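Here the protein sequences line up with chains A and B, keeping their order.
Just so you know, the first sequence maps onto residues 903 to 1124 in the working numbering.
Just so you know, the second sequence maps onto residues 903 to 1124 in the working numbering.
Take a look at the structure set out below.
Protein chains: 2
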Amino acid sequence: MKANKKAVVLLSGGLDSATVLAMASNEGYSCYALSFEYGQRHQSEVDAAKKVAKTIGVESHVISKIDLSQWGGSALTDDINVPKDGVEDGIPVTYVPARNTIFLSNALAYAEAIGARDIFIGVNAVDYSGYPDCRGEFIEAFERLANLATKAGVQGDAFTIQAPLLHMTKVEIIKHGLQLGVDYSMTQSCYDPVSEAGEPCGTCDACRLRDAAFAELTHQDS
Amino acid sequence: MKANKKAVVLLSGGLDSATVLAMASNEGYSCYALSFEYGQRHQSEVDAAKKVAKTIGVESHVISKIDLSQWGGSALTDDINVPKDGVEDGIPVTYVPARNTIFLSNALAYAEAIGARDIFIGVNAVDYSGYPDCRGEFIEAFERLANLATKAGVQGDAFTIQAPLLHMTKVEIIKHGLQLGVDYSMTQSCYDPVSEAGEPCGTCDACRLRDAAFAELTHQDS
């Protein structure tokens, strides 16, 4: 780890990013959480992010408003139905154009402004490889860009994009989080909750992947 | 030029981006302009962008709100004095952390959502090389990232980041724009206008570079 112990952690309120925050905190970083209200259909994920940040403990939690629904292009921001029939091959309609690029760009600005050089993101390519911006090559390309784009980067004080879940299965992620004391009841993964409070639908891809992982863990434990 | 004639054009309201919009329009692109209210100290540049978009002609003009002042780090978003003593070497305090990365990320999302594959940006490395995110290597790294980050990119329908001013001097830019009929009186370059209407201070770096270029042109013409 670097001498500089500040980190910006992208926090969606979901299972993966909560685990990443716990990991960064456990590694001794002072964590600056960053969440977005990006025109997603449900505000309950921002509420979940607030609970997670408060419980795990952060130096600061910025909730940035960016309206990705103004140009649309996704079932998560438009009036397109979220698929409920099971995880299919290919890039799903829940893909939001350039979302992780926008999230990481803002995290980079925040990090440079506060003097952090590590940025944590909970992307995960194993269980769910449909999204192009959840792959290792994307993360590597962003890190390269970050060090060309910024004052700190060109002066040799390099940024590192940390994606510790990249090669972990959902079951491994949850096991690791539980060891670190993450309370997953606070997190929200569902793309299409049935209530304002965030009650999960149980049938979207995110619910299916989450439920299957918890079911497998229960089975392993018994 | 590609068969797809839609382009997203980043439009700040300044001299450079107005010229780029005129160039893209002249090349036959249907232009979708994108401007930002990013917490800059003066709203007059957004007003200038609106005038420029209207006069040159665009299919649509999105003004996106993103608050870069929430984490600060620049004389353009913080309460730091804008330098007035002349252009110095190095990265100026008017550098805004990761600004062009954030602008291009949003342009990429917009482009993918509307089916555009060309993104125009008015960066210029010749007269003013202080900003790391105005260099060719930054633009190339972003284009590479864009084609790893997006559904269109990974499916082989590649994005191109067009930075036609990259190797032009300020004088060449203005000459080219005048040939295309750009009315530069509508544009605003000043970092620190003396009135809400955008009256330029005449002494910040942006004013000095602009004024010097117009003075040289007048001298050449006489």
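All C-beta atoms, glycine included, are put in the ideal place defined by N, C-alpha and C.
Bear in mind that the values here come from a model prediction, so they are computed numbers and not experimental data.
- Using a Cβ-Cβ distance under 8 Å, would B:R1046 count as near chain A? Along the second sequence, one-based indexing puts residue 1046 of chain B at 144. Chain A, which has a Cβ nearer than 8 Å to the Cβ of B:R1046, makes this yes.
- Using the C-alpha atoms, what's the distance from B:S1007 back to B:L913? Here the question's residue 913 of chain B lines up with position 11 in the second sequence. Here the question's residue 1007 of chain B lines up with position 105 in the second sequence. Distance between the alpha carbons of B:L913 and B:S1007: 14 Å.
- Buried versus exposed call for B:K904 [16 or more other C-beta atoms within 10 Å across all chains shown]: Working through the second sequence from its first residue, we reach residue 904 of chain B at position 2. With a pLDDT of only 49 at B:K904, under 50, the local geometry of the prediction cannot be trusted, and the value read off the model is given with reservation. In the assembly as shown, B:K904 is an exposed residue. Its beta-carbon has fewer than 16 other beta-carbons within 10 Å.
- Query: Which residue or residues does DSSP assign as beta-bridge partners of A:C933?
  - Reply: Position 31 of the first sequence, counted from the first residue, corresponds to residue 933 of chain A. Partner(s): A:A909.
- Query: Does the pairing of the stretch 1055 to 1070 of chain A with the stretch 945 to 961 of chain A give three or more beta-carbon distances under 8 Å?
  - Reply: Look at the beta carbons and you see the stretch 1055 to 1070 of chain A not touching the stretch 945 to 961 of chain A: under three pairs across the two are nearer than 8 Å.
- Which chain B residues are close to A:D1035, counting only those with a beta carbon under 7 Å from its beta carbon? The residue you call residue 1035 of chain A lines up with position 133 of the first sequence. Within 7 Å Cβ-Cβ: A1051.
- Query: Is any beta-carbon of chain A found at less than 8 Å from that of B:Y1093?
  - Reply: Counting from 1 along the second sequence, the entry for residue 1093 of chain B is found at position 191. Closer than 8 Å: no.
- Message: In whole angstroms, give me the CA-to-CA distance for A:Q942 and B:E1014.
- Response: Here residue 942 of chain A is taken as the residue at index 40 of the first sequence, counted from 1. Here residue 1014 of chain B is taken as the residue at index 112 of the second sequence, counted from 1. If you draw a straight line from the Cα of A:Q942 to the Cα of B:E1014, it is about 18 Å long.
- Query: For A:E1098, is the classification buried or exposed, using 16 other Cβ atoms within 10 angstroms of its Cβ as the cut-off for buried?
  - Reply: Stepping through the first sequence from its first residue, residue 1098 of chain A is reached at position 196. The residue is exposed, with fewer than 16 neighbouring Cβ atoms inside 10 Å.
- Query: Alpha carbon to alpha carbon, how far is B:A1048 from B:D1123?
  - Reply: Start at 1 with the first residue of the second sequence, and residue 1048 of chain B comes out as number 146. Start at 1 with the first residue of the second sequence, and residue 1123 of chain B comes out as number 221. Taking C-alpha positions only, B:A1048 is separated from B:D1123 by approximately 42 Å.
- Start and end residues, alpha helix (DSSP H) containing B:Q1064: To locate residue 1064 of chain B, count along the second sequence from 1; it is residue 162. Run containing B:Q1064: none in the alpha helix (DSSP H); it sits in the beta strand (DSSP E), T1062 to Q1064.
- Message: Does the CB of A:D969 have a neighbour CB from chain B at under 8 Å?
- Response: Taking the first residue of the first sequence as 1, we reach residue 969 of chain A at position 67. Interface residue, yes.
- Sort A:S927, A:P985 and A:Q945 by Cα distance to A:A962 and report the nearest one. Taking the first sequence and counting its residues from 1, one reaches residue 962 of chain A at position 60. One point to set straight first is that residue 962 of chain A is Ser, not Ala, in the sequence displayed. Taking the Cα of A:S962 as reference, the smallest distance to any Cα among A:S927, A:P985 and A:Q945 is reached at A:S927.
- Message: So for B:V998, helix, strand or coil by DSSP?
- Response: Within the second sequence, numbered from 1, the residue matching residue 998 of chain B stands at position 96. If DSSP states are grouped into helix, strand and coil, B:V998 belongs with coil.
- Query: For a contact meaning CB atoms closer than 8 Å, what does A:F1022 contact in chain D?
  - Reply: Going by chain labels, chain D is absent from the structure shown, which instead holds the protein chains A and B.
- Message: Between A:K986, A:Q1057 and A:V1025, which has its C-alpha nearest A:K1072's C-alpha?
- Response: Here residue 1072 of chain A refers to the residue found at position 170 when the first sequence is read from its first residue. Looking at the Cα atoms, A:V1025 is the closest of the given residues.
- Return the residue from the list A:F938, A:L970, A:V995 and A:R1019 that minimises the CA-CA distance to A:Y931. Numbered from 1 along the first sequence, position 29 holds the residue referred to as residue 931 of chain A. Nearest of A:F938, A:L970, A:V995 and A:R1019 to A:Y931, Cα basis: A:R1019.
- Which residues DSSP lists as bridging B:E1118, in chain order: On the second sequence, residue 1118 of chain B is found 216 positions in, with the first residue counted as 1. Partner(s): none; B:E1118 has no beta bridge.
- Exposed or buried, B:K1115, counting other C-beta atoms within 10 Å across all chains shown (16 or more means buried)? Locating residue 1115 of chain B in the second sequence gives position 213, where the first residue counts as 1. Lys is not the amino acid found at residue 1115 of chain B; the sequence shown has Ala there. Flag for B:A1115 reads buried.
- What residues of chain B sit near A:G975, judged by a beta carbon separation below 7 Å? Counting from 1 along the first sequence, the entry for residue 975 of chain A is found at position 73. In chain order: E1014 and A1015.
- Environment of A:D987 [buried if 16+ CB atoms lie within 10 Å]: Numbered from 1 along the first sequence, position 85 holds the residue referred to as residue 987 of chain A. Answer is exposed; the Cβ neighbour count stays below 16.
- Curious, which full-length alpha helix (DSSP H) runs of at least 4 residues does the stretch 999 to 1034 of chain A contain? Within the stretch 999 to 1034 of chain A, the runs of alpha helix (DSSP H) that reach at least 4 residues and sit entirely inside it are, in chain order, 1001 to 1016.
- Message: Which residue wins for smallest C-alpha separation from A:I982, given the options A:Y1086, A:D1094 and A:R1110?
- Response: Here residue 982 of chain A is taken as the residue at index 80 of the first sequence, counted from 1. A:I982 has its Cα closest to that of A:D1094, out of A:Y1086, A:D1094 and A:R1110.
- Would you mind reading off the limits of the beta strand (DSSP E) that contains A:K967? Counted from its first residue, the first sequence places residue 967 of chain A at position 65. Element bounds for A:K967: S962 to K967.
- Starting from B:I1075, follow the alpha helix (DSSP H) in both directions and report where the run begins and ends. As a first step, residue 1075 of chain B is located in the second sequence; it is residue number 173 there, counting from the start. In the DSSP assignment, B:I1075 falls within the alpha helix (DSSP H) that extends over K1072 to Q1081.
- Using a Cβ cut-off of 8 Å, pull out every chain B residue sitting near A:G1055, in sequence order please. On the first sequence, position 153 is the one that residue 1055 of chain A refers to. Those are P1034, listed as they occur along chain B.
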